[in-house]
Structures are given as C-alpha cells and as structure tokens.
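Residue numbers (the working numbering): 54 to 238.
Written below as structure tokens is the structure these notes are about.
Have a look at this one:
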C-alpha cells in the first residue's frame with residue numbers, strides 16, 4: 054500500500070511509526086542527522102585543515118608559526134613553555150587586527166610519534182624541548198647531521214602558504230614586544 058509523504062510524516066511524528074518504544078524515533082533521527090554531521094566534521098578537520106608548524110629560526114633567534122595569513126612568534130630567549138592541561142604549550146604573540154595590540158596565542162605542538170591528536174607523553178614533550186634548546190643554542194650539527202624538514206601529512210589537502218607580508222608582520226610583532234619590554238622594565 055502506498056501512502057503520501059504527508060501521511061508518512063504524520064505517522065512518524067505521532068509515535069505510531071514505532072510501536073515498541075517512544076525513544077526509537079529519536080534514536081533514528083539522531084543517527085540520520087548527527088552521525089553524518091560528525092563524520093563530515095572530522096573528515097574536514099582531518100583532511101582539509103592546513104597543518105600549522107612551529108619554525109625555529111636560529112639566525113633571528115625567534116620561534117614562529119603562521120596560518121590563515123597571520124604570523125605568531127616569540128623570541129627564543131623570552132619563550133615561555135608550559136602545559137595547557139596535559140598538552141605542551143608555547144606562548145606566541147600576534148598583533149590584534151582591531152586594537153593593534155599584542156595578543157597571546159598558545160601554540161600546542163604535536164610531538165607524538167603515535168598520534169596526531171595532541172596526545173604526546175611527558176617524555177616526548179621533554180625530548181622536544183631538549184631538541185629545540187639544543188638547536189637554538191648550538192646549531193643544527195648538535196641535533197642532526199642533515200637538514201630536517203617535517204614530513205608532509207599523508208592525505209592532507211589544506212594549504213598553508215607563507216603570508217605575503219611575512220617580514221612586515223614579524224617586524225611589527227618584534228617592535229611591539231620591545232615596547233612591552235620597555236614599558237614593564
């Protein structure tokens with residue numbers, strides 16, 4: 054027997070569609086809406102979000118990162134490492150577009166060998182900080198005999214190009230950091 058869409062929706066929403074339980078229809082609605090939604094969200098985050106790397110520039114003595122056209126940095130000598138929950142965090146600075154003042158950004162490096170979900174262990178975090186300190190203080194030869202580049206993600210379609218005004222942003226942030234340092238001295 055064929056029924057119209059309206060009769061189907063009426064029967065479905067009246068509770069007559071599911072005879073055994075009143076919660077079955079909510080379960081079906083949940084599976085039909087939330088499962089595909091979360092699948093899409095995690096797929097998008099996994100494959101289309103551009104990777105953001107922490108870059109150590111030994112000649113300038115800065116640690117920086119960039120993403121979405123914005124640069125975030127700190128001087129190595131003034132770098133602050135800490136934990137945000139159980140995750141290692143590095144305090145970086147950027148310019149707030151609206152106010153022109155410095156804003157603080159916590160960069161959470163993924164230093165785990167086993168996961169890409171920011172679940173590194175304490176020993177991995179300590180090894181990363183030791184590696185970073187050795188590189189910034191003693192140079193590349195102290196940590197590796199060859200140049201190192203981060204491995205590209207296997208299936209990542211997100212692009213993160215260097216901002217066109219990279220040097221200008223770096224100079225602005227460093228100038229603001231110097232002003233803050235003089236102000237608090």
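Glycine included, every Cβ here is placed at the ideal spot set by N, Cα and C.
>> My assumption, with CB atoms under 8 Å, is that residue 141 sits in contact with residue 127. Please give the rounded CB distance.
In response: Contact flag wrong, Cβ pair sits at about 15 Å.
> Per the contact definition of three or more C-beta pairs closer than 8 Å, is the region 114-126 in contact with the region 203-218?
Replying inline: yes
>> My output table needs one value for residue 182: the three-state DSSP class, helix, strand or coil.
In response: helix
>> According to DSSP, residue 156 sits in a beta bridge with which residue or residues?
In response: 147
> Leaving out the 5 sequence neighbours to the left and right, which residues in its chain are closer than 6 Å to residue 108 when beta-carbon positions are compared?
Replying inline: 117
>> Could you pull the DSSP bridge partners for residue 124 from this structure?
In response: 119
> Roughly how many angstroms lie between the CA atoms of residue 189 and residue 222, to the nearest whole one?
Replying inline: 22 Å
>> Taking the beta strand (DSSP E) that residue 56 belongs to, which residues open and close that run?
In response: Note, residue 56: premise wrong, no beta strand (DSSP E); not H, not E.
>> Between which residues of its own chain and residue 156 is the CB-CB distance below 6 Å, once the five residues before and five after are set aside?
In response: 147, 149
> On the three-state DSSP scale, how would you describe residue 132?
Replying inline: coil
>> Could you tell me the alpha carbon to alpha carbon distance between residue 194 and residue 204, rounded to whole angstroms?
In response: 20 Å
> Where do the N-terminal and C-terminal ends of the alpha helix (DSSP H) with residue 77 fall, by residue?
Replying inline: 77-100
> Which value, in whole angstroms, describes the spacing of the CA atoms of residue 228 and residue 84?
Replying inline: 53 Å
>> Quick check: the Cα distance between residue 160 and residue 77, rounded to an integer number of angstroms?
In response: 44 Å
> Under the rule that 16 or more other beta-carbon atoms within 10 Å means buried, what is residue 86, buried or exposed?
Replying inline: exposed
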